[in-house]
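Protein sequences, first through last, are from chains A, B, C, D and E.
The first sequence maps to residues 0 to 237 in numbering that gives the first Met the number 0.
The second sequence maps to residues 0 to 237 in numbering that gives the first Met the number 0.
The third sequence maps to residues 0 to 199 in numbering that gives the first Met the number 0.
The fourth sequence maps to residues 0 to 199 in numbering that gives the first Met the number 0.
The fifth sequence maps to residues 0 to 245 in numbering that gives the first Met the number 0.
Idealized CB from N, CA, C, for every residue including glycine.
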Amino acid sequence: MAPMDSAIARPAPSGGAWAGMRWALVRDLRLALRSRAELGVLLLFYVIVVALFPLGVGPDPSLLRTMGPGVLWVTALMTSMLALPRLFAGDFADGSLEQIALSPYPLPALIAGKIAAHWASTGLPLAAASPWLGVQFGLSTGELEVLALGLLMGTPTLSLLGAIGAALTLGVRGSGALVSLLVLPLCVPVLIFGAGAVDAVRDAVSTNAHFSWLGAMLLASAVGAPLATAAAVRIALD
Amino acid sequence: MAPMDSAIARPAPSGGAWAGMRWALVRDLRLALRSRAELGVLLLFYVIVVALFPLGVGPDPSLLRTMGPGVLWVTALMTSMLALPRLFAGDFADGSLEQIALSPYPLPALIAGKIAAHWASTGLPLAAASPWLGVQFGLSTGELEVLALGLLMGTPTLSLLGAIGAALTLGVRGSGALVSLLVLPLCVPVLIFGAGAVDAVRDAVSTNAHFSWLGAMLLASAVGAPLATAAAVRIALD
Amino acid sequence: MLVAQQLAAQRGFSPLFAGVGFTLHAGEALHVTGANGSGKTTLLRMVCGLTRPAQGTLAWRGADGAAALRECTLYVGHASALKDDLTAEQNLHSLSTLHGETADERAVQRALAEWNLDAQRALPARALSQGQRRRVALARLRLTPRELWVLDEPTSALDAAGVDLLREHLRSHAARGGLAIIASHDTRSADGAGIRELRL
Amino acid sequence: MLVAQQLAAQRGFSPLFAGVGFTLHAGEALHVTGANGSGKTTLLRMVCGLTRPAQGTLAWRGADGAAALRECTLYVGHASALKDDLTAEQNLHSLSTLHGETADERAVQRALAEWNLDAQRALPARALSQGQRRRVALARLRLTPRELWVLDEPTSALDAAGVDLLREHLRSHAARGGLAIIASHDTRSADGAGIRELRL
Amino acid sequence: MAGTSINWFRYASPASFFSLAGPLARAFGIAAALLALAGLWIGLVVAPTDAQQGEAYRIIFIHVPAAWMSMFIYVVMAFWCAMSLVFNARLAAMTAQALAPSGAVFTVIALVTGSLWGKPTWGTYWAWDARMTSELILLFLYFGFMALRNAIDDPRRADRACAVLALVGAVNVPVIYFSVKWWNTLHQGASVSLTTAPRMAAIMLAGMLVMTLAAWSYSIAVTLVRLRAIINERERGAPWRRAVAQ
Ligand code: HEM
Ligand SMILES: Nc1ncnc2c1ncn2[C@@H]1O[C@H](COP(=O)(O)OP(=O)(O)OP(=O)(O)O)[C@@H](O)[C@H]1O
Ligand SMILES: Nc1ncnc2c1ncn2[C@@H]1O[C@H](COP(=O)(O)OP(=O)(O)OP(=O)(O)O)[C@@H](O)[C@H]1O
Ligand SMILES: [Mg+2]
Ligand SMILES: [Mg+2]
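Structure follows, in structure tokens:
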């Protein structure tokens, strides 16, 4: 007990924001890996999706090519939706969220870490797999590059926006569909630009506009979403 | 307190299975949609999801028409998966599942009721809305009929199969979780035949084969799933 | 009459307890005590048939049968089995119908009133305080009459008045010839006539 | 020194309590009592800054600031904040790093041993008994030294030994000049030097 | 700012506002009716038949004001939400709550009239054109706001949660407005702007503006009425209510 008899009032931990973000990221990733179930389900889900469309549409290559990007993007959107409820509900139920809100680290940083973990377990795998999935749709190399890059830039935005909805519906009746109702509309622009970029490549148009928009949205949400989410969390705990 | 002083040992309630199933169905439906508003939210959610695809893929009508069925079926899969974790996890966490397992009603019947409720709040509304949604994709009348019928026959199977997985993941780590991954792929045939039926109509081929397969899978899972799920639940509670 | 013989529980790889036995006659109550993790909850879950004994037998009215026992048992566990979205009233009603009772509005309201939750009757369970949740759970004792009560930590989060009320219930239950098994660290609930102690 | 003045809480449409005030000096402990639903938990959550007071002020060391107060507060609530998938050890470690402590293996193990959970060290929290979960939660008192302890029903599900240990902790905390606010129906935790009572 | 903020705060209390709302609502209601009549008269009688579009173009007199209002009301709503978060003012939150339905109504009108107009002009009721889509999203945002509202039991919690949502959703408004610029779409671009001279006939412009004013005063009137109802419900227990009651 020796260490305990020292001063009982501690200073706030140094290096606030980053340390807090790292804590949340590591912890949530570890938990996600513990329950591999959801992860596997998610991966399977978009494999199914991507496998299904060619079946539904038939082997016409030109068709597949045109719809490939859209399908992958909507899949990305759906998978991040699928995982959204898990983002805060668990911590809310078992009291961890209270402790997180009481931590000396800034809450937005902790939240950002959680969001990053959410992205790493939903958007990132899809973005990583997208070149392979895109090949199934017969996309050209150029299109594949743009697709993957777009997903890399777009999916974080989806997670960021989703977090807001997840926090807003904490401890709310019938939160399941409500989250999607709140979040999906906000995600539409990301979808448009992301899928649009690939079409632009096909039509041999410059993709700068699309990417700058994706980047702008990513920046905006990266700054705004953690703050909004933190506010929503505090409201939910009040 | 008068009624209480009567005999304290009660006989098991009469009309076991059906009464039990009704109880679970009514109770879960009430929890799922405490107000008509929430049903509206659910439908809105479909509308959004379906609206997203044209956004991603672009408004080309012929394209939309070919991918319509696939989109709706994937949406069905996703919505039922969105709700799956909530199927048992909630009852498990708050102790309701114990009480359900201790009820005089047969457990498989209660489970069947829960599954029915899950379907009624995910698959059924989608099947009901599908003709309208299908119109957005410019499907013909014949295709719409087949689509709706297919969804009506297919979505219950999705819920039934999903229930097994949901029960297996209860409380258990690793092993059980992985087993649930084996359940999901079982959904693929449903999707294939369901979406395939609509294509069959388009290609003016008979849809009998598809529907008989859907029916067979529905029957098999309707018989097997509640029993398997009940067993899994008892194990989870042990 | 409930007879338990040589009950043993296994958790993970290690045995939890073994050779536990007791006999409970009509009108008797068994107060299960023991350190944290000694297996009280496990024993209770065995009695009402949630957990299978690693060894040993449970005999109810002479006959050996978990099913028969389950029919006559009311289990109130750590978790109060309330749905956050439903009101206290709806929760009670749904729980008692689940156990095959036909609880009418008035019976439910009387039970709630008895645990003095009139004001909270229409509140979603989410809004209830910890002790109020416990009170709602205990209100089931009235609505689901059963011969054997199995109560796990019934007094946790209960205030003094609540504990008295519970003791009152236990007494009248015993008077009616009912049996009860209570796991608790709280000695307040343990006094009274015909209460025996089983130390794990 | 913690000074609360004219605190009022509002729940739903109706006021819960109003005009609550107290002053707590170094080495003192406040024992908040009251009937179920009287607002103890709400008051505690106000003190540690989770709930906004509808009215009234909280002053910490003279300065009025929730942030300053939060830095010096350790809150152990109804919910034990354990992740079912993590082991007791991992949970403690993660929680204390969350609060900015650099808890090394040994410190965590010492804390667990003190609450005699050696055997359960590597168990997933899911497998722990109710009281063991509580013990893990209380083990944070050692690992996250703070000036003000806010404990909600700390003795629920604790066995006698656990209660003694908690009392021991409270005593040495007070001796070190720490403050404590405890909401509990359990009078066992309430005796001892410098413990005042606030009745809601 | 300080000077103005003082009396702002006086009216920010439901008590002093409540008495004010009633007569105001009546006045704006009447104004709305008169302006609407005038606008329709201009639009349907005075304004000449359009060269290419024939009579169909007259929808513009409903469509454009509705579309403008749908966006404008959302902005106002977001503003009050910000106020309620910053100053923790109950009335601001209630105002936002009262505004939402009107906004949704105008959004629906814009969508319906728009797609009705689309049939003759573009040959289709609906296309996934950027502006239409973003307007549809606006509708969903209104729905989401109201859905979240009645999903939360505790009124003050609902206030703050909805406020956060409204502020986040505000990003959609510029998307709607500039959508015609960002994506070359079916929908025609802004022909009325404060900077450049309007590119449409003065009489049409007049009709549209009068109708817009009508829409404004209608929204204000309805909002005030709703606000009174909300205050009645929310401030039940408050002492000043009992005073008013007597
Ligand atoms: C459902 C379909 C439609 C929607 C959602 C819609 C939406 C909107 C919106 C939001 C505005 C106001 C934005 C602004 O003032 O820049 C607007 C203005 C306008 N819309 Fe539509 N619109 C639709 C269909 C149409 C159609 C079919 C036409 C006629 C061909 C049309 C003609 C106009 C005109 C002339 C304006 C005024 C633009 C201005 O003067 O600034 N719209 N519409
Ligand atoms: N939305 C609401 N509407 C009305 N009353 C509410 C609402 N939410 C909470 N309450 C009431 O507020 C009180 C919460 O008080 P709190 O949880 O602090 O009680 P407590 O003193 O901790 O009780 P316990 O001893 O049971 O823990 C309860 O009486 C509850 O009924
Ligand atoms: N998978 C497992 N491996 C090892 N031990 C386990 C496992 N699961 C449970 N246990 C142990 O079994 C015991 C469960 O006992 P139980 O919950 O019945 O205790 P209890 O007497 O109710 O305690 P309390 O008084 O805290 O409620 C605990 O000691 C727990 O550590
Ligand atoms: Mg126990
Ligand atoms: Mg409490």
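Tell me the DSSP secondary structure of residue i in three-state form.
i, result
"Ile151 (chain E)", "coil"
"Thr143 (chain C)", "coil"
"Ala221 (chain B)", "helix"
"Gly99 (chain C)", "coil"
"Tyr74 (chain D)", "strand"
"Gly193 (chain A)", "helix"
"Ala62 (chain C)", "strand"
"Val135 (chain C)", "helix"
"Thr206 (chain B)", "coil"
"Thr132 (chain E)", "helix"
"Thr86 (chain D)", "strand"
"Pro53 (chain A)", "helix"
"Leu193 (chain E)", "Reliability of the predicted coordinates at Leu193 (chain E) is poor, the pLDDT of 49 falling under 50, and the value obtained from them is presented with this limitation in mind. Leu193 (chain E): coil per DSSP, three-state reduction."
"Pro60 (chain B)", "helix"
Taking the alpha-carbon of residue i as reference, which of the options has the nearest alpha-carbon?
i, options, result
"Leu169 (chain D)", "D:Trp148, D:Asp84, D:Asp185", "D:Trp148"
"Phe71 (chain E)", "E:Val85, E:Val104, E:Thr48", "E:Val104"
"Ala17 (chain C)", "C:Gly38, C:Met0, C:Leu73, C:Val31", "C:Gly38"
"Tyr73 (chain E)", "E:Leu138, E:Ala32, E:Thr48, E:Ser83", "E:Leu138"
"Gly19 (chain B)", "B:Ala111, B:Tyr45, B:Ser95, B:Arg85", "B:Ala111"
"Leu164 (chain E)", "A:Ser129, A:Ser205, A:Thr228", "A:Thr228"
"Pro155 (chain A)", "A:Leu148, A:Leu177, A:Ser139, A:Ala115", "A:Ala115"
"Ala87 (chain C)", "C:Leu111, C:Ala66, C:Ala65, C:His98", "C:Leu111"
"Arg132 (chain C)", "C:Pro52, C:Leu85, C:His98", "C:Leu85"
"Leu23 (chain C)", "C:Leu178, C:Thr50, C:Leu199", "C:Leu178"
"Met68 (chain E)", "E:Leu110, E:Ala88, E:Leu90, E:Leu23", "E:Leu110"
"Val44 (chain E)", "E:Trp125, E:Ile202, E:Phe78, E:Trp215", "E:Ile202"
"Asp76 (chain D)", "D:Leu165, D:Leu142, D:Ala136, D:Val31", "Sequence inspection shows Gly at residue 76 (chain D); the Asp mentioned does not correspond to that position. Answer by Cα proximity: D:Ala136."
"Glu70 (chain D)", "A:Pro103, A:Leu132, A:Ser205, A:Pro124", "A:Pro103"
Using a threshold of 6 Å, is the CB atom of residue i nearer than that to any non-hydrogen atom of ligand 2?
i, result
"Thr132 (chain E)", "no"
"Asn35 (chain D)", "yes"
"Arg134 (chain C)", "no"
"Leu6 (chain D)", "no"
"Asp153 (chain E)", "yes"
With DSSP as the reference, identify every bridge partner of residue i, one or two as the case may be.
i, result
"Ala179 (chain D)", "D:Ala28, D:Trp148"
"Ile219 (chain E)", "DSSP, once it has assigned bridges, lists no residue as partnering Ile219 (chain E)."
"Leu4 (chain D)", "Reading the sequence as shown, one finds Gln at residue 4 (chain D) and not Leu. Answer by DSSP bridge pairing, in chain order: D:Thr56."
"Gly53 (chain E)", "E:Asp49"
"Val19 (chain D)", "D:Leu6"
"Glu211 (chain C)", "Residue 211 (chain C) cannot be examined here, being either before or after the span of chain C that is shown, 0 to 199."
"Pro68 (chain B)", "Beta-bridge pairing links Pro68 (chain B) to no other residue."
"Pro103 (chain A)", "Paired residues: none, contrary to the question."
Just to check, is the beta-carbon of residue i closer than 6 Å to a non-hydrogen atom of ligand 5?
i, result
"Lys39 (chain D)", "yes"
"Gln129 (chain C)", "yes"
Between residue i and ligand 1, is there a pair consisting of the residue's CB and a ligand heavy atom that are separated by less than 6 Å?
i, result
"Ala109 (chain E)", "yes"
"Trp215 (chain E)", "no"
"Thr123 (chain E)", "no"
"Gly139 (chain A)", "It is worth fixing the name first, because residue 139 (chain A) is Ser in this sequence and not Gly. No, since every heavy atom of ligand 1 falls outside the 6 Å radius drawn around the Cβ of Ser139 (chain A)."
"Gly274 (chain B)", "In the structure as shown, chain B starts at 0 and stops at 237, and residue 274 (chain B) therefore has no counterpart that could be examined."
Do residue i and ligand 3 come close, with the Cβ less than 6 Å from some heavy atom?
i, result
"Arg120 (chain D)", "no"
"Leu169 (chain C)", "no"
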